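Numbering (this note's numbering), first residue to last: 1 to 115. Using N, Cα and C, we set each Cβ at its ideal position, and we do this for glycine too. The model shown is predicted, which means the values in this text are computed figures rather than measured ones.
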């Protein structure tokens, strides 16, 4: 094969590799923007994680979406957290004000929803 053909093939290979690299890098930055975390949710508690009153988190179903809500160690909720189990058992809705901390949702307030 003539030298000019080999050089042309190398250039074409390098060009294809560069195009593939650019496409790969562009794909990394084009992820859809993350939805902002909700500041308040109302729904049903479907699972409580923890023992007795030592609750660490609970799962809330709000309009068909499932959210893991963590208990904030710096918040006094004004009731024993074991009460969340009654809401889970009796399918009683709650309203939660929330704060996102390091990618997790923390409850700032948990309130009964009047029927």
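Beta carbon of residue i nearer than 8 angstroms to that of residue j
i	j	result
residue 80	residue 44	no
residue 69	residue 98	yes
residue 67	residue 105	yes
residue 57	residue 42	no
residue 40	residue 96	yes
residue 72	residue 37	no
One or two residues paired with residue i in a DSSP bridge
i	result
residue 97	40, 109
residue 47	59
residue 79	Per DSSP, none; premise fails for residue 79.
residue 65	62
DSSP state of residue i mapped onto helix, strand, coil
i	result
residue 35	coil
residue 54	strand
residue 89	helix
Cβ-based neighbour list, residue i, same chain, cut-off 8 angstroms, excluding 5 preceding and 5 following
i	result
residue 52	82
residue 91	44
C-alpha distance - residue i paired with residue j, whole-angstrom precision
i	j	result
residue 86	residue 112	11 angstroms
residue 22	residue 35	Note on residue 22: pLDDT 41, under 50, position unreliable in the model; no value is reported.
Other residues of its chain near residue i: CB distance less than 6 angstroms, five sequence neighbours each side excluded
i	result
residue 49	56, 57
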